[in-house]
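Visitor: Got a structure for you, written out below as structure tokens; questions coming shortly.
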Amino acid sequence: MFSKETISLLVQVIFSWQVIAVTIAVFLYISLVNFVARTHISKFRYSSPIKARHKQKKAVQAAKASSKEKAEDDVNDELGLEEE
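If you read the sequence shown in this note's numbering, its first letter stands for residue 2, the second for the next number, and so on.
Printed below as a string of structure tokens:
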């Protein structure tokens, strides 16, 4: 089916440094793309809702704290207490 010369040439081509270098480069590129895609998806899938809830919780706590301070100031004004 194949002559010895064809098989010999095919083996030489497969084991040439150019083919090996390109194969390694393609493998590294695909690995890098998969790594970036995996970390990018995990950031948006898992981290964002947690951070958003945490920020929302802090905003609510800050609003409650500021409303308490205003209420205390109003009470002090009604009692006629002043800070010097």
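Just so it is clear, CB atoms sit at the ideal spot from N, CA and C, and this is done for glycine as well.
1) Which whole-angstrom value describes the C-beta separation of Val14 and Val20, a residue pair presumed to lie in contact below a C-beta threshold of 8 Å?
2) Which of the three DSSP states is assigned to Ser17 in this structure?
3) CB-CB under 6 Å to Phe3, same chain, minus the five flanking residues each way: which ones, in chain order?
4) Check Ser32 in the structure and name its three-state DSSP category.
5) Quick check: the Cα distance between Ala38 and Glu6, rounded to an integer number of angstroms?
6) May I have the straight-line CA-CA distance separating Phe36 from Ser9, to the nearest angstrom?
Guide: Per the coordinate set shown:
1) Contact flag correct, Cβ pair sits at about 6 Å.
2) Here Ser17 sits in coil by DSSP.
3) If we look at Phe3 and ignore the five residues flanking it on each side, it has no Cβ neighbours.
4) Note: Ser32 maps to helix in three-state DSSP.
5) Rounded to whole angstroms, Ala38 to Glu6 spans 45 Å at the Cα level.
6) Rounded to whole angstroms, Phe36 and Ser9 show a C-alpha spacing of 38 Å.
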